[in-house]
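If you read the sequences in order, they're chains A and B.
Going left to right, the first sequence walks through residues 1 to 391 as my numbering numbers them.
Going left to right, the second sequence walks through residues 392 to 782 as my numbering numbers them.
Ideal placement from N, C-alpha and C gives every residue a C-beta, glycine not left out.
Being a predicted model, the structure only gives us computed values, none of them experimental.
Encoded as structure tokens, the structure appears first; notes follow it.
Number of protein chains: 2
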Amino acid sequence: MIYTPKEEIVKRTERLRELMEKASMDGAFFNYKIDYFYLSGTMQDAFLYVPLEGEPKLFVRREMRRARRESPLSELIPIRSLETVKDHIGKPQRVGMQLDVLPYNFVMRFRKLFADAELADVSPLINDLRKIKSPFEVSLMEKAAAIAKKVYEKIPEVLQEGMREIELGGILESYAKSLGHEGLLRVRSLVFEAYSWHILSGKAGSIVSQINSPMGGLGMSPAFPVGASRKKIRRGEPIMIDFGACYHGYQVDETRMFAIGYMPEPFAGAYEACREIHYRVLDKALEGVTCSELFNYSVELAHKLGYGDNYLGYSHHKVNFIAHGVGMELSDPPFIAVNQNYPLEEGMTFAIEPKMVFPRQGACGIENTVLMEKDSYRVLTNMDEKIIIVD
Amino acid sequence: MIYTPKEEIVKRTERLRELMEKASMDGAFFNYKIDYFYLSGTMQDAFLYVPLEGEPKLFVRREMRRARRESPLSELIPIRSLETVKDHIGKPQRVGMQLDVLPYNFVMRFRKLFADAELADVSPLINDLRKIKSPFEVSLMEKAAAIAKKVYEKIPEVLQEGMREIELGGILESYAKSLGHEGLLRVRSLVFEAYSWHILSGKAGSIVSQINSPMGGLGMSPAFPVGASRKKIRRGEPIMIDFGACYHGYQVDETRMFAIGYMPEPFAGAYEACREIHYRVLDKALEGVTCSELFNYSVELAHKLGYGDNYLGYSHHKVNFIAHGVGMELSDPPFIAVNQNYPLEEGMTFAIEPKMVFPRQGACGIENTVLMEKDSYRVLTNMDEKIIIVD
Numbered sequence: 001m002i003y004t005p006k007e008e009i010v011k012r013t014e015r016l017r018e019l020m021e022k023a024s025m026d027g028a029f030f031n032y033k034i035d036y037f038y039l040s041g042t043m044q045d046a047f048l049y050v051p052l053e054g055e056p057k058l059f060v061r062r063e064m065r066r067a068r069r070e071s072p073l074s075e076l077i078p079i080r081s082l083e084t085v086k087d088h089i090g091k092p093q094r095v096g097m098q099l100d101v102l103p104y105n106f107v108m109r110f111r112k113l114f115a116d117a118e119l120a121d122v123s124p125l126i127n128d129l130r131k132i133k134s135p136f137e138v139s140l141m142e143k144a145a146a147i148a149k150k151v152y153e154k155i156p157e158v159l160q161e162g163m164r165e166i167e168l169g170g171i172l173e174s175y176a177k178s179l180g181h182e183g184l185l186r187v188r189s190l191v192f193e194a195y196s197w198h199i200l201s202g203k204a205g206s207i208v209s210q211i212n213s214p215m216g217g218l219g220m221s222p223a224f225p226v227g228a229s230r231k232k233i234r235r236g237e238p239i240m241i242d243f244g245a246c247y248h249g250y251q252v253d254e255t256r257m258f259a260i261g262y263m264p265e266p267f268a269g270a271y272e273a274c275r276e277i278h279y280r281v282l283d284k285a286l287e288g289v290t291c292s293e294l295f296n297y298s299v300e301l302a303h304k305l306g307y308g309d310n311y312l313g314y315s316h317h318k319v320n321f322i323a324h325g326v327g328m329e330l331s332d333p334p335f336i337a338v339n340q341n342y343p344l345e346e347g348m349t350f351a352i353e354p355k356m357v358f359p360r361q362g363a364c365g366i367e368n369t370v371l372m373e374k375d376s377y378r379v380l381t382n383m384d385e386k387i388i389i390v391d
Numbered sequence: 392m393i394y395t396p397k398e399e400i401v402k403r404t405e406r407l408r409e410l411m412e413k414a415s416m417d418g419a420f421f422n423y424k425i426d427y428f429y430l431s432g433t434m435q436d437a438f439l440y441v442p443l444e445g446e447p448k449l450f451v452r453r454e455m456r457r458a459r460r461e462s463p464l465s466e467l468i469p470i471r472s473l474e475t476v477k478d479h480i481g482k483p484q485r486v487g488m489q490l491d492v493l494p495y496n497f498v499m500r501f502r503k504l505f506a507d508a509e510l511a512d513v514s515p516l517i518n519d520l521r522k523i524k525s526p527f528e529v530s531l532m533e534k535a536a537a538i539a540k541k542v543y544e545k546i547p548e549v550l551q552e553g554m555r556e557i558e559l560g561g562i563l564e565s566y567a568k569s570l571g572h573e574g575l576l577r578v579r580s581l582v583f584e585a586y587s588w589h590i591l592s593g594k595a596g597s598i599v600s601q602i603n604s605p606m607g608g609l610g611m612s613p614a615f616p617v618g619a620s621r622k623k624i625r626r627g628e629p630i631m632i633d634f635g636a637c638y639h640g641y642q643v644d645e646t647r648m649f650a651i652g653y654m655p656e657p658f659a660g661a662y663e664a665c666r667e668i669h670y671r672v673l674d675k676a677l678e679g680v681t682c683s684e685l686f687n688y689s690v691e692l693a694h695k696l697g698y699g700d701n702y703l704g705y706s707h708h709k710v711n712f713i714a715h716g717v718g719m720e721l722s723d724p725p726f727i728a729v730n731q732n733y734p735l736e737e738g739m740t741f742a743i744e745p746k747m748v749f750p751r752q753g754a755c756g757i758e759n760t761v762l763m764e765k766d767s768y769r770v771l772t773n774m775d776e777k778i779i780i781v782d
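Set out below in structure tokens:
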């Protein structure tokens, strides 16, 4: 197992404090596990308090021995009752909590710990931190990408006419797990539950669902109406395999196109247009323009290439983004989307996914997880991008 | 696909209104998808408003066509802006929201829709409703149980010495998906992410983790520190396979014990003790005693059988429950646990799981999903309960 190095935690905490100072917070609690993992190195049942000055304190419910092994923090305190926590935090004036994800009842109860202090939202700060990945974080994403690559390379061996989308999804996930994929993907959302098996074949690619995506898929039932379904995969239809992989908490997101026998039009041509948009947007990003401008540029390109009606969905189902940040969650900043008035920066990682939908026919597209570097970018999901035809 | 029948939705809504009237709520919003699915039949991106009188209104963001097909409700309204929602809800005085799960920021923003009304928590009401399953709901749980049974029957074919826990988990999940298992399990919790592959072999069964369970397992990394791990499964060690299955949103939870070659002591004997506790507690439940008494009774039995130190964990790692409700979430009421001062009732479904942990050695136990009937109970997960020895 790989543990988060102490220097990582120290640096992250320092940067957090700079942001806290600017936001006039003299303390912040982290009860949502993705974020306290980022700041402590452990995901055991615990919560973290970061004061503006002094050591961060990790309050551990269970399991202390594992928390000690995983976390380089020096102050790990067993939780007996919330009353005892009070003694450790002093009298802060303005305290942050993760108000975007913590349930209302939880916040109301927990904030009694600091009843006299003002309550503030610390999530914008931690999102701001997390959007820039360190070389350590990138190394974990590279390992996730290596797993995904092996999964995609396996597909020609297992894909067969007549197999159900969900069957293929299960086989790929099983293989990914044997390589170290953690099975669950994570996302900061009330509606969207992330999963690995977003496999849409033929018409299923043109079906919209609850998720904010150009193509939701049929899913398994009204209670799980997204992703792979029991539809059988046929010869000569586009098969979109959008498989996310996760290694030690770090995710990559990737899409490649497959077909049995041959890839029919309009999908073969539209796929090439998606690739062109993908790389021209990345090149444009190096000029330092804002994400909002990048998004508009991609829409212009789609129109010029003759796919304006199909780009990112059809009619009122179009989505307003072409890329989402990826890291510990599939919903990290940045977003190449409308109203995102900031440029991409060195250290950001995101999944860029130009996709086309043809009503009642299907969908195609490409997706890569990309790292912004100094004056360049690097595609982490370095699987070959040709359409793969299986016989 | 199976859609929720109209009579189901009508009955659930009627019962909800009785509870709302008692709680003096003249309207309630359901934004958390498990609950609005229960009351509307669709899980498309939407939210539901149930007024004390008049038709429930489902506000749909996407996808309206699928929502119409899935939901028998008559008033489906596309959401253009929250302002337009205001026009549909009138002037309620006291409005419920799902305050146990909805994020703080979301509630604060959403409640502007009814800024002059008092805010109340509707989750205790919906939990109260959902804890009693209808025959329709039970039929879906029976189908989930049939999938789980086939998964357990498959294990002797695939379990091999030297295979990793996660490999076995992947193979079983893949097989379950091919049978209709939906892949994701659901739970109403900030900390616990549910998953199907809780496979713990040998010493891994004695490892505690973030989850409120006697045995958490090693997991895959510090970022996913629960469940199956990369540990290799060996001959002559207890292999606990705790596999949940989900069909059309309804789950069952189940545990059976396996070994390669032979099941060593103390696990073989302790497993029989677990079975005895399991059935004696269920028999006692028919006397109408409270869940708290049932829990204490189970602890007494464990002591009498000589496993007091091992029952439900060891030393300070013991958990305080022996059963959790199961349905659309793994955390439904009832709980056979301390401080649960109500009896089991007809129509309740729950997973009862007496388990024993032996420090540094491993764990064993049984788990069944059970339905309370009039003056009897029925085990839905009707897989054979013998320890299965694979050669």
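Exposure label - residue i; buried when at least 16 CB within 10 Å
| i | result |
| --- | --- |
| residue 158/A | exposed |
| residue 10/A | exposed |
| residue 115/A | exposed |
| residue 608/B | buried |
| residue 422/B | buried |
| residue 687/B | exposed |
| residue 396/B | exposed |
| residue 744/B | buried |
| residue 524/B | buried |
| residue 782/B | exposed |
| residue 733/B | exposed |
| residue 207/A | buried |
| residue 303/A | exposed |
| residue 340/A | buried |
| residue 40/A | buried |
| residue 92/A | buried |
| residue 766/B | exposed |
| residue 7/A | exposed |
| residue 183/A | buried |
| residue 160/A | exposed |
| residue 706/B | exposed |
| residue 674/B | exposed |
| residue 465/B | exposed |
Rounded distance between the beta-carbons of residue j and residue i, thought under 8 Å
| i | j | result |
| --- | --- | --- |
| residue 94/A | residue 329/A | Between residue 329/A and residue 94/A the Cβ distance is about 26 Å, and since that is not below 8 Å, they are no contact. |
| residue 613/B | residue 601/B | With 8 Å as the limit, residue 613/B and residue 601/B do not qualify as a contact, their Cβ atoms being about 11 Å apart. |
| residue 753/B | residue 593/B | 5 Å |
| residue 756/B | residue 682/B | The pair is not a contact, with the Cβ atoms about 19 Å apart (cut-off 8 Å). |
| residue 722/B | residue 580/B | 6 Å |
| residue 718/B | residue 528/B | 7 Å |
| residue 241/A | residue 277/A | At roughly 19 Å, the Cβ-Cβ gap does not stay under 8 Å, so residue 241/A and residue 277/A are not in contact. |
Any non-hydrogen atom of the ligand FAD closer than 7 Å to residue i Cβ
| i | result |
| --- | --- |
| residue 14/A | In terms of ligand content, the structure shown is empty, and the ligand FAD therefore cannot be addressed. |
Anything in the segment 3-32 of chain A with a Cβ closer than 9 Å to a Cβ of chain B? List those residues in chain order, please.
Answer set for the segment 3-32 of chain A: 3, 4, 31, 32.
Whole runs of the alpha helix (DSSP H) within the segment 234-310 of chain A, excluding any shorter than 4 residues:
List check, alpha helix (DSSP H) in window: 267-285, 291-304.
Using 8 Å as the threshold, is the segment 500-520 of chain B in touch with the segment 405-413 of chain B, meaning 3 or more CB pairs across them?
Judged by pairs of C-beta atoms under 8 Å, the segment 500-520 of chain B touches the segment 405-413 of chain B, as three or more such pairs exist.
Give, in chain order, every unbroken run of the beta strand (DSSP E) that is at least 3 residues long and sits entirely within the segment 2-85 of chain A.
Segments of the beta strand (DSSP E) lying fully in the segment 2-85 of chain A: 27-30, 45-51, 57-62, 75-78.
Against chain B, which members of the segment 33-49 of chain A pass a CB distance test of less than 9 Å?
Of all residues in the segment 33-49 of chain A, only 33, 34, 37, 41, 42, 43, 44, 45, 46 come within less than 9 Å of chain B when Cβ atoms are compared, listed by chain position.
Members of the segment 252-282 of chain A near chain B, C-beta cut-off 9 Å:
Answer set for the segment 252-282 of chain A: empty.
Cβ pair count under 8 Å reaching 3, the segment 144-153 of chain A against the segment 26-46 of chain A:
They do not touch, by the three-pair rule.
Residues of the segment 484-508 of chain B with a CB closer than 9 Å to any CB of chain A: list them in chain order, please.
Those would be 488, 489, 490, 491, 492, 493, 494, 495, 496, 497, 498, 499, in chain order.
According to a CB-to-CB cut-off of less than 9 Å, which residues of the segment 760-780 of chain B neighbour chain A?
Residues: none.
How about the segment 82-99 of chain A and the segment 462-481 of chain B: do they share at least three Cβ pairs that are nearer than 8 Å?
Because the criterion of three Cβ pairs below 8 Å is not met, the segment 82-99 of chain A and the segment 462-481 of chain B do not touch.
What are the residues of the segment 612-638 of chain B that lie near chain A, defined by any Cβ-Cβ distance shorter than 7 Å?
Identification of residues in the segment 612-638 of chain B having a C-beta nearer than 7 Å to some C-beta of chain A yields 612, 613, 614, 615, 616, given in sequence order.
With 7 Å as the C-beta to C-beta threshold (strictly closer), list the residues of the segment 518-529 of chain B near chain A in chain order.
If the cut-off is 7 Å between Cβ atoms, the segment 518-529 of chain B has nothing near chain A.
Taking beta-carbon pairs under 7 Å, can you tell me which members of the segment 56-67 of chain A lie near chain B?
Within the segment 56-67 of chain A, the residues whose Cβ lies closer than 7 Å to any Cβ of chain B are, in chain order, 62, 63, 66.
Chain B contacts made by the segment 162-175 of chain A, where a contact means CB separation under 8 Å:
Within the segment 162-175 of chain A, the residues whose Cβ lies closer than 8 Å to some Cβ of chain B are 164, 166, 167, 169, 170, 171, 173, 174, 175, listed in chain order.
In chain order, which beta strand (DSSP E) runs of at least 3 residues are fully inside the segment 744-776 of chain B?
The qualifying runs are 746-749, 753-756, 759-764, 767-770.
Report the residues of the segment 183-213 of chain A with a CB closer than 7 Å to any CB of chain B, ordered along the chain.
Taking 7 Å as the Cβ-Cβ cut-off against chain B, the residues of the segment 183-213 of chain A that qualify are 183, 184, 190, 191, 193, 195, 197, 208, 209, 210.
Whole runs of the alpha helix (DSSP H) within the segment 80-141 of chain A, excluding any shorter than 4 residues
List check, alpha helix (DSSP H) in window: 82-89, 104-110, 123-130.
Validate contact between the segment 377-389 of chain A and the segment 251-270 of chain A using beta carbons, cut 8 Å, 3 pairs
Three or more beta-carbon pairs separated by less than 8 Å link the segment 377-389 of chain A to the segment 251-270 of chain A, which places the two stretches in contact.
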